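See below for the structure under consideration.
Chains as they are written, first to last, in UniProt numbering: chain S, 1 to 355; chain D, 1 to 265.
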């Protein structure tokens, strides 16, 4: 078919462009009045600091009812504040309201001095010491651990290596099979010379990481999103929500070079977690050693960690108490959407309360 | 004195108005086409307008476009954008003399740059193919029965383009081309870094290699220190345990001795 693929009424098109123009013009006034954009709104205090890492304890409006602290282990990519983006979009706040006692590992922003940190330093070092801080603080043998995305992979490795310190394990949008056919990131990474990459870059700059993520859906994320922005330029509340998300997306840490090398090579390229051959330092990660209850939450429309990358976990862990929970949404929506606020924290709390 | 922020707002609004009015005129049914102008292509005009908005966004942000990390890299030092036609002859010339090593380094750098440009071209060709397939799919879909808004045309096109991109991006060819591009860029960057290092040494400045080595050694020392501290606290705990056992044993020994004496007497 060779005809014009559009049916456009020129008068209507002109009116549409004029409306677009009016919105843009009015937009500056709204933009000018937007104050500083902040994320991470729930009151919190630092209970442990080490190098760039901070272990935060969140304060709810009422005291927690849960006796076992819940430690959230976030990914190294992006900051953890997506889980506490704003008051009405906060997984942390909702978990507190449910009665959980919530802590968060905030890895901070690595610089050149952190280039040589390895997976072992992160998992067997920083994370283990955070767990120990909570065990001592609460007088418990084991904590509840909630890992998110790459932090979920860390949590799986940690639980397999230190099963006695984890009472219940929750993983969210966590990949275990990195070689599913729909995993674009892993597909692209497969033939990249990771050693050359890290030897050249040292730490991997956040901009490079963000570029890779943006090119997963280049038109939607680089263009269509900003066309849509014009629609909300005259709505300060929606504009602030948009800008908060922008801040979260682009305010991201660099990646410590050696950890990136290990993670990209062993997990993305060699899929060693799935094969039962992943190592943290000299120790092999055997997921069958995870015998405590496991709740695995994945997002059905996740383009970064497709459900197929996450769902094989049940067959890999040694736990007889494994629950999978599919959420109708995407990788980010699972934390910030209205549905997520209503469904995810109550589901986590109910699952933990039963154990 | 003029109020600067107001000036800026006025300029901004005039700029936006000017650009969008030009765009809007493209859709004015009363507007006469310029003499000799090519036949109207609504899609091109629509996307040209959006492209302009994108440029405006980027200029407002003051940053480079999102393609920057993989955009054609800086040419090697001392070379312009275009390589001379007999470059391969020059690159195969043997190096000699006092600056022999630098000459070889420079040749390697130029070769890496040319190699990178080749891979960048291949990557761009793949993206061009994505664009063409999306346009073909749009033509294939044909026009809807009712007139549609520009936004819905745009959204329809984005959906098709993303679909086309998604298929290409998961292909073996894309994987190979993407990795080759990244690897070529890293080879080029590494050689550039070596040149910078050499200059840093000449200027008596610390190099990245030196800083990296220090960082690596420091991290190794910190790991060792932690391990030793761990061992020390284990030893301390064991000592305390032994001391406690000894402490518990002493009165028992004394009691045993006392009762022995008692039995003797």
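Cβ atoms here follow ideal geometry from the backbone N, Cα and C, with glycine treated the same way.
None of these values were measured; they are calculated from a predicted model.
Close CB contacts of residue 188 of chain S within its chain, under the 8 Å cut and outside five residues either way in sequence, are with 212 (chain order). For residue 116 of chain S, the C-beta contacts it makes with chain D under 7 Å involve 215, 216 and 219, in order along the chain. With its beta carbon at least 8 Å from every one in chain S, residue 233 of chain D lies outside the interface. Put simply, the backbone Cα of residue 333 of chain S is about 7 Å away from that of residue 340 of chain S.
Under the 10 Å beta carbon count, residue 114 of chain S is surrounded by 16 or more other beta carbons and is classified as buried.
Exposure of residue 99 of chain D is indicated by the presence of fewer than 16 other C-beta atoms within 10 angstroms of its C-beta. Looking at S/267, S/296 and S/48, the one whose alpha-carbon comes closest to that of residue 133 of chain S is S/48.
Taking 8 Å as the upper bound on Cβ-Cβ separation, chain S lies near no residue of the region 108-130 of chain D. Close CB contacts of residue 238 of chain S within its chain, under the 6 Å cut and outside five residues either way in sequence, are with 232 (chain order). If you compare the alpha carbons of S/198, S/218, S/160 and S/301 with that of residue 286 of chain S, the shortest gap goes to S/160.
Below the 7 Å Cβ cutoff, chain D contributes 169 and 170 as neighbours of residue 184 of chain S, in chain order.
For residue 54 of chain S, the enclosing beta strand (DSSP E) starts and ends at 53-58. The DSSP-derived three-state label of residue 322 of chain S is strand. Between residue 291 of chain S and residue 315 of chain S, the C-beta spacing is not below 8 Å. For the region 205-221 of chain S, the residues whose beta carbon sits under 7 Å from a beta carbon of chain D are, in order, 207, 208, 211, 214, 217, 218, 219 and 220.
Every beta strand (DSSP E) of 3 residues or more that sits fully in the region 67-108 of chain S is shown, in chain order, as 70-73, 84-86 and 102-106. One finds 147 in chain D with Cβ atoms closer than 7 Å to the Cβ of residue 9 of chain S, taken in chain order.
In this structure, the beta-carbon distance from residue 247 of chain S to residue 37 of chain S falls below 8 Å. If the five residues before and after residue 94 of chain S are omitted, its C-beta is found closer than 8 Å to the C-beta atoms of 341, 344, 345 and 346, all from its own chain and listed in chain order. Cβ contact annotation for residue 69 of chain S (same chain, cutoff 6 Å, sequence separation greater than five): 101, 103, 134, 138 and 143, in chain order. Distances from the CA of residue 173 of chain S to each of S/351, S/327, S/165 and S/298 were compared; the closest alpha carbon is that of S/298.
The criterion of a C-beta distance shorter than 8 Å is satisfied by residue 90 of chain S and residue 42 of chain S.
Within a 10 Å sphere around the beta-carbon of residue 245 of chain S sit 16 or more other beta-carbons, which makes this residue buried. Neighbours of residue 144 of chain D in chain S, taken as residues whose beta carbon is under 8 Å from its own, are 7 in chain order. Going by DSSP, residue 159 of chain S is part of the alpha helix (DSSP H) stretching over 150-161. Proximity of the region 193-212 of chain D to the region 211-226 of chain S falls short of the contact definition, fewer than three beta-carbon pairs being nearer than 8 Å. Of the candidates S/158, S/136 and S/145, S/158 places its Cα closest to the Cα of residue 123 of chain S.
It is roughly 11 Å from the alpha-carbon of residue 148 of chain D to the alpha-carbon of residue 5 of chain S. No Cβ of chain S is located within less than 8 Å of the beta carbon of residue 196 of chain D. For a Cβ distance threshold of 8 Å, residue set 147 and 149 of chain D lies close to residue 12 of chain S, ordered along the chain. Of the candidates S/125, S/307 and S/147, S/125 places its Cα closest to the Cα of residue 223 of chain D. Taken in chain order, the complete alpha helix (DSSP H) segments of 4 or more residues contained in the region 244-291 of chain S are 257-262 and 272-275. For residue 294 of chain S, the enclosing beta strand (DSSP E) begins and ends at 294-299. With contact defined as three or more Cβ pairs closer than 8 Å, the region 124-141 of chain D and the region 226-233 of chain D are not in contact.
In the displayed model, residue 129 of chain D falls within a helix according to three-state DSSP. Between residue 128 of chain S and residue 179 of chain S, the C-beta spacing is not below 8 Å.
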